[in-house]
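Accompanying notes for the structure given below.
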Amino acid sequence: MKVEVVIGNIASQPDAQAVVNSANANLRRGSGVAGAIHAAAGAELEAYCRPLAPLVLGGALTTPGFGLPSPRIIQVRAPDFLNNDQLELHYERAILSMMDALRIHRIASVAIPAIGIGVFRFPPALAASIMARVRSEGAAANPTLRWVRIYVTSEERRAVSASAFGAVHEGQA
């Protein structure tokens, strides 16, 4: 499985079968990744999600992509670093839930943000190490998944994630 870490806009991925959203409990448009994905997907996404909220901490939910180039969005709820106990456990559950959704929907290509490190303030190095470990452990259970592209917002965060994943530096996307 190929893993790339890039600086770019996760909401405009024409070659990804799914985009992962770092969602809030209410599955509503927020700031950061959730705001960008909701803006690009359109009002239909929030209307679709309204009856499905709240999303359980560490849970994942798959929705249509609506206005995105990707046909699916996997909504993942990571813990808020300042307001949760058992942070690493909840973060690991969120990544496991995402991996399960990718397997269930037979996703071969996915764009993933550095989940939880923006608005939810999860430490980037800890998030990257947990995500890399869970992805590595779950790779055999999902032979369909061919490539993962991780989106970050700075060169510093790209270096942290690339180091954790042993990933290819692919520049900006």
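Start counting the sequence shown at 1; every next residue gets the next number (UniProt numbering). The C-beta atom is built at its ideal place from N, Cα and C for all residues, glycine as well.
Stretch-stretch touch, CB-based, cutoff 8 Å, three pairs: the segment 31-45 with the segment 81-97: no
Beta-carbon separation (whole angstroms), MET1 vs ALA60, contact threshold 8 Å: Not confirmed; about 19 Å, so no contact.
Cut-off 8 Å between Cβ atoms - residues of its own chain near ILE130, not counting five sequence neighbours on either side: GLU88, TYR91, GLU92 and ILE95
Flag this pair as touching only if the segment 117-132 and the segment 11-20 have three or more C-beta atom pairs under 8 Å; answer yes or no. no
Residues bridged to LEU61 [DSSP beta-bridge criterion]: GLN75
On the CB-based measure, 16 or more other CB atoms within 10 Å of its CB, does VAL56 come out buried or exposed? exposed
In chain order, what residues of the same chain lie with their CB nearer than 8 Å to the CB of ASP100, ignoring the 5 residues before and after it? ALA60
Out of ARG72, PRO54 and VAL76, which has the shortest C-alpha to C-alpha gap to ALA108? ARG72
On the three-state DSSP scale, how would you describe ARG106? coil
Any alpha helix (DSSP H) of 4 or more consecutive residues that is wholly inside the segment 90-170: 124-138 and 155-165
Let me know the secondary structure DSSP gives VAL33 once reduced to three states. helix
Could you check how far apart the C-beta atoms of ALA43 and ALA25 are, in whole angstroms? I think they sit under 8 Å. Incorrect: roughly 20 Å between the Cβ atoms, too far for contact.
Euclidean distance between Cα positions of THR63 and TYR48: 8 Å
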